[in-house]
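Q: This is the structure I want to talk about, given as structure tokens.
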Amino acid sequence: MNKLERDILDILSDDCRMDAAQIAVMLGADEAEVRNAVRNMESRGTIVKYTAIANLDEEEDECVEALIEVKIAPRSGSGFDGVAE
Numbered sequence: 005m006n007k008l009e010r011d012i013l014d015i016l017s018d019d020c021r022m023d024a025a026q027i028a029v030m031l032g033a034d035e036a037e038v039r040n041a042v043r044n045m046e047s048r049g050t051i052v053k054y055t056a057i058a059n060l061d062e063e064e065d066e067c068v069e070a071l072i073e074v075k076i077a078p079r080s081g082s083g084f085d086g087v088a089e
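Per my numbering, residue 5 is the first one in the sequence shown, and the count goes up by one each step.
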């Protein structure tokens, strides 16, 4: 892996939506050279996929999460199975 590829990976790791033109400007490189480097890394398996990291805590939804704690004691003769029924 050469310096250009490492620099491209650093940029894409921060923002995978960045296109070749933007990366080229940031690195002072040729857009076609950046595009080819990305394609080569994809074909070699260096770049496996592009993904988003979601912060689902910021989304409003209709779901409620709850943690319910239950304290039980086993029944004599049937253990916890008797409680479960």
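For glycine and all other residues, C-beta sits at the position ideal for the given N, C-alpha and C.
These numbers come from a predicted model, not from an experiment.
CA-CA distance, M5 and R39?
A: Their backbone Cα atoms lie some 15 Å apart in a straight line.
Q: So is the beta-carbon of E64 under 6 Å away from any non-hydrogen atom of the ligand MG?
A: As for the ligand MG, it is missing from this structure, which has no ligand bound.
Q: Measuring alpha carbon to alpha carbon, tell me which of A25, N44, S80 ends up nearest R10.
A: That would be N44, whose Cα lies nearest to the Cα of R10.
Q: Give me, in chain order, the residues of the same chain whose beta-carbon lies closer than 6 Å to that of A25; leave out the 5 immediate sequence neighbours on both sides.
A: Excluding positions up to five away in sequence, the list reads E35.
Q: Which residues bound the alpha helix (DSSP H) around L8?
A: That run of the alpha helix (DSSP H) goes 7–18.
Q: Tell me which residue opens and which closes the alpha helix (DSSP H) that E35 is part of.
A: Its alpha helix (DSSP H) spans residues 35–48.
Q: Are there 16 or more other CB atoms within 10 angstroms of the CB of A4, so buried, or fewer, so exposed?
A: Outside the shown range of the chain (5 to 89) lies residue 4, about which nothing can therefore be said.
Q: Give me whichever residues DSSP pairs with R79 in a beta bridge.
A: G83.
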